[in-house]
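To start, the structure under review is shown below, and the notes come after it.
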Amino acid sequence: MKTYLLAGFALLLACCYVGNAFAADSGAGEVEMLVFPDSYSAASVSNGGTISGVVTFEGDLPEMKKLEITKDQAVCGATDKYDESLVVGEGNALKNTIVYLIDISKGKDFDKATKLEIDQKGCKFSPHVQIVPVGVRVTMLNTDKVNHNVHIFSSINKPVNKQQTKNRRKMPLAGVKKAEGPVAVKCDIHGWMSAWIAYVPHPYFAVTNEKGEFTLEGVPAGTYKLGYWHEACGTNSDSPASVTVEAGSTATQNFTLKLK
Amino acid sequence: MVNRNVVTLLMLVFGLLCAVMLVHAQNAPEASERGKEVYEQSCAHCHGTEGRGDGSAAENLLPKPRDFTRGLYKIRSTESGQLPTDQDLFDIITIGMPGSSMPGWETSLSADERWEVVAYIKTFYNGFKESEAPPRQISLEGKIAYSEQSVETGKELYVELGCVECHGNVGRGDGTSAPTLTDEWGFQTWPANLAQSWNFRGGADTEAIFKRFIGGIAGSPMPAFEGDSFLHFGLSVEESKRLTELENKDEMTEVEETESEKFYEKMDVAVDLALNRAEGIELTAAEQQTYDDAMKVVYEKSWHLANYVKSLAPEERPEPAIGKNVLRSQYVQGELPGMEDTAWEVLQSRHFPLVGQVVIEPRQFNPTIDSVNIKSFYNDTEVAFLFMWDDRTHTTGDEIDESTGKPLEDALAIQFPVKVPQGPTAPKPYFLWGGRLPVYLWHWKASAPEQVVEITAKGINNAEVQAAQGALQAQGAYTDGQYKLWVKRALKTDDKKDLQLEPGVFVPIAFSAWDGANGDVDTKRVVSSWYTFVLEPVPSSRRFVYPPLIAVLSLGLLFGLRAVVQRRNS
Chain V
2 MKTYLLAGFA LLLACCYVGN AFAADSGAGE VEMLVFPDSY SAASVSNGGT ISGVVTFEGD
62 LPEMKKLEIT KDQAVCGATD KYDESLVVGE GNALKNTIVY LIDISKGKDF DKATKLEIDQ
122 KGCKFSPHVQ IVPVGVRVTM LNTDKVNHNV HIFSSINKPV NKQQTKNRRK MPLAGVKKAE
182 GPVAVKCDIH GWMSAWIAYV PHPYFAVTNE KGEFTLEGVP AGTYKLGYWH EACGTNSDSP
242 ASVTVEAGST ATQNFTLKLK
Chain Y
76 MVNRNVVTLL MLVFGLLCAV MLVHAQNAPE ASERGKEVYE QSCAHCHGTE GRGDGSAAEN
136 LLPKPRDFTR GLYKIRSTES GQLPTDQDLF DIITIGMPGS SMPGWETSLS ADERWEVVAY
196 IKTFYNGFKE SEAPPRQISL EGKIAYSEQS VETGKELYVE LGCVECHGNV GRGDGTSAPT
256 LTDEWGFQTW PANLAQSWNF RGGADTEAIF KRFIGGIAGS PMPAFEGDSF LHFGLSVEES
316 KRLTELENKD EMTEVEETES EKFYEKMDVA VDLALNRAEG IELTAAEQQT YDDAMKVVYE
376 KSWHLANYVK SLAPEERPEP AIGKNVLRSQ YVQGELPGME DTAWEVLQSR HFPLVGQVVI
436 EPRQFNPTID SVNIKSFYND TEVAFLFMWD DRTHTTGDEI DESTGKPLED ALAIQFPVKV
496 PQGPTAPKPY FLWGGRLPVY LWHWKASAPE QVVEITAKGI NNAEVQAAQG ALQAQGAYTD
556 GQYKLWVKRA LKTDDKKDLQ LEPGVFVPIA FSAWDGANGD VDTKRVVSSW YTFVLEPVPS
616 SRRFVYPPLI AVLSLGLLFG LRAVVQRRNS
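Protein sequences, first through last, are from chains V and Y. Just so we're aligned: 25 in the numbering used here is position 24 of the first sequence, and the numbers increase by one with no gaps anywhere. Just so we're aligned: 579 in the numbering used here is position 504 of the second sequence, and the numbers increase by one with no gaps anywhere.
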């Protein structure tokens, strides 16, 4: 009797597992994603703590790939351009890593004063990784006086593909409805142009600078899962770091990333 | 005890079944079984049973079959970012997508079945279920009729909006960005050749072009030209002109400053309203009016552009060169015209469709060269041909094909039998470069545009360059996505391996073409089967003698008969 029960149970589990595996299969091979809380409520945070640290790269550094500039040489080819999927600075500092709180459901509100802009300058997006809060408009700048098209490969939100002609200096994009990302941003006219936008539901996201540094401020005291995302090195969503931050003080968490 | 065991077992099995069904139910379609059945029978081979565009035939197709799980549909009557209407999906299934592997199903599926398939396809993407409001359709009101002036305005917009970047100067899909384009799934994709309207996926009427332009082609690099993609969105045509005038001034007076400021504010308002609308914020009646006014200018411009695009292609695909359209070389006295001679303009070119070579490995399943168009003149001793074909890229063999080690380059081969078959039922050589019966070929390559090599072949992999060369004069050029090749040869040559030409004789002719940028090399190419051409015989001057003579004789006979009858009666 027990054997039957056990066997049946095992079979049931197996079925569920297989079913899930099939369901998960649709996402296979795609870019790894950020993990967002089910809900988030904003309130004022007094005497919050800070989480900061440095992200460094470990392993053999591949040679930086020079991008092939195939058109608009006068504007796009004025300076050499390199693939920005892995930018490592002095002391193996890893730029363009998103570091964020995975499991925060209550905290500060977005800083609404900051204007979000992505520039298209010299046929390169800058910054390469941009955090954009849900519902907030990001403005695309065209400093180039050549035609660009802003192509954002969203799949949860509506994908965007809009021409930004050389005459249009600023083109604000509609805010999105749902957290998603990071999603790829491309310009089809200049096929080498590449950037990422992360549409986020709370303000505890940071992108590392040239020195690999990040800072998350105004964090309510508590213990959090700290995640990262990097274009070439992947994520730690399976085993995020656990960080405890105390009111008014700074917790430090460094990461060392390898190519995935 | 045994009974209890059986009951427990049954319960377990039942529970198991429920669990399995539950897992399935999460993705379960609401559409009828019939839709699923039809889909699996007719669509799944390419689009996959799960709708992911990964059916067994997908591998060899380009453009790839659509992945339905993303809700990205190219051909829509709806605005950018919106799902298609059911009618859009139904129309595509019915008509198919010209220039791709998607056939029309009008004759093979009943209307009911097609509607069932529409419902079933929608189950692959949850967005159809989640969206509350029906998709916003592009308004076709205020269509501007086709006129030369509208085409002219559209032409300016074509440049201003950057269409040239991909579609090229005159629209042959040869823009400087064309070779690097990829679709949403990372597969190479080519911009439409606007001169070949018969390959437009969503049809070639002005309304269809207008819709593609406003709504974009989802999943492809073709952007949507929504309101604020246009210069000075929010201003009327006059206001926009005035602002350009002001902006071009070295220095503005205070009054002018204020004037331009007002324009900027007006533009900001329009952009803001467009964004509000995109974000789902309802506009007040007044705001809606402001937005509509701004969009009116955009829609007008878009109609002009659609008219211009319409002007780039013939109304319909030219008839292939058979029957009454067979290629007839026209006789001229004296020197034959050179490549750039205006004399060619009096001739209408003949159209020879080409298809991918799929008989012999390596095959070409995804051809980029659609057809070759030909004109021809001859005189007493020579014949000249003008071959024209569209190719989006000018590839001259700088890149080497990995599998064959040969350079990838654009080329054209013109094929004749060595001996003209006597009579229409006499066998012709095998259409793929001959076999038992040999063929005689003219082989031209983009890397040596002034040269045509004569070849004798007894099979596609059994070709021999003729020992005696130099019978042909050639000139080739590539401009704005089109090759032009001019070839001249004597009607008669001394070489036994050459074809000898004679007026009035129907000669089989066939073609092979290579697009290096599309990976064409060796047998991977586009081909035609046999067509015919003829040196149109010079009409004999006897036609001025015999018909009048016969007429006079008949008249005489009639009069004679009349005289005889009259005499008998009296």
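In this text, a Cβ means the ideal position worked out from N, Cα and C, and glycines have one as well.
Every beta strand (DSSP E) stretch that sits fully inside the stretch 516-600 of chain Y and reaches 3 residues is listed by chain position as 527-532, 538-540, 547-554, 557-565, 581-589. For residue 224 of chain Y, the uninterrupted alpha helix (DSSP H) run begins and ends at 223-235, by DSSP.
Straight through space, the alpha carbons of residue 241 of chain V and residue 220 of chain V are spaced by roughly 17 Å.
Annotation for residue 392 of chain Y: 273 place their beta carbon closer than 6 Å to its own, counting only its chain and skipping 5 residues before and after. The three-state reading of DSSP puts residue 342 of chain Y in helix, counting H, G and I together. Check the Cα spacing between residue 50 of chain V and each of V/225, V/230, V/63, V/236: the tightest is with V/225.
In the structure shown, residue 508 of chain Y adopts coil according to DSSP, grouped into three states.
For a Cβ distance threshold of 9 Å, residue set 350, 354 of chain Y lies close to residue 138 of chain V, ordered along the chain.
Contact check between the stretch 540-556 of chain Y and the stretch 629-645 of chain Y: fewer than three CB pairs, one atom from each, fall below 8 Å, which does not count as touching. Under the three-state reduction of DSSP, residue 408 of chain Y is assigned to coil, being neither helix nor strand. Of the candidates Y/108, Y/626, Y/379, Y/387, the residue whose Cα lies closest to the Cα of residue 286 of chain Y is Y/379. Of Y/131, Y/595, Y/338, the smallest CA-CA separation from residue 314 of chain Y is found for Y/338. Counting along the chain, the unbroken alpha helix (DSSP H) around residue 318 of chain Y starts and ends at 312-322. In this structure, residue 519 of chain Y keeps its C-beta atom at 8 Å or more from the C-beta atom of residue 552 of chain Y. Uninterrupted beta strand (DSSP E) stretches at least 3 residues long and entirely within the stretch 442-505 of chain Y occur at 446-453, 457-465, 471-475, 482-484, 486-492, given in chain order. Residue 371 of chain Y: member of the alpha helix (DSSP H) spanning 360-386, first to last residue. Counting only the Cα atoms, residue 195 of chain V lies some 14 Å from residue 67 of chain V.
Secondary structure at residue 94 of chain V: strand, using DSSP grouped into helix, strand and coil. Apart from sequence neighbours up to five positions away, the residues of its chain that approach residue 538 of chain Y with a beta-carbon distance below 6 Å are 530, 532, ordered along the chain. Looking from the CA of residue 164 of chain Y, the closest CA among Y/174, Y/149, Y/154 belongs to Y/149. Between the stretch 620-630 of chain Y and the stretch 441-450 of chain Y there are fewer than three C-beta pairs closer than 8 Å, too few to call the two in contact. With its beta carbon less than 8 Å from one in chain Y, residue 152 of chain V belongs to the interface. Taking a cut-off of 8 Å for Cβ pairs, the stretch 276-283 of chain Y and the stretch 200-215 of chain V do not touch, as fewer than three such pairs fall below it. The residue from V/84, V/64, V/174 with its alpha-carbon nearest to that of residue 136 of chain V is V/174.
DSSP places residue 403 of chain Y in the strand class (E or B) of the three-state scheme.
Put simply, the stretch 193-203 of chain Y touches the stretch 110-129 of chain Y. At least three CB pairs are less than 8 Å apart. By the C-beta density criterion, residue 96 of chain V is buried, having at least 16 other C-beta atoms within 10 angstroms. For the pair residue 177 of chain V and residue 381 of chain Y, the Cα-to-Cα distance works out to about 31 Å. Cβ contact annotation for residue 296 of chain Y (same chain, cutoff 6 Å, sequence separation greater than five): 256, in chain order.
The Cβ atoms of residue 495 of chain Y and residue 582 of chain Y sit closer than 8 Å to each other. A residue is called buried when at least 16 other Cβ atoms come within 10 angstroms of its Cβ; residue 299 of chain Y meets this threshold and is buried. A Cβ-Cβ distance of about 5 Å is found for the pair residue 166 of chain V and residue 237 of chain Y, placing them in contact under the 8 Å criterion.
Taking a contact to require three or more Cβ pairs closer than 8 Å, the stretch 232-250 of chain Y and the stretch 403-417 of chain Y do not qualify as touching. Straight-line spacing of the CA atoms in residue 99 of chain V and residue 230 of chain V works out to 5 Å.
In the three-state DSSP reduction, residue 644 of chain Y falls in the helix class (H, G or I). Excluding five sequence positions before and after residue 55 of chain V, the CB atoms of its chain that fall closer than 6 Å to its own CB belong to 213, 214, 255, given in chain order.
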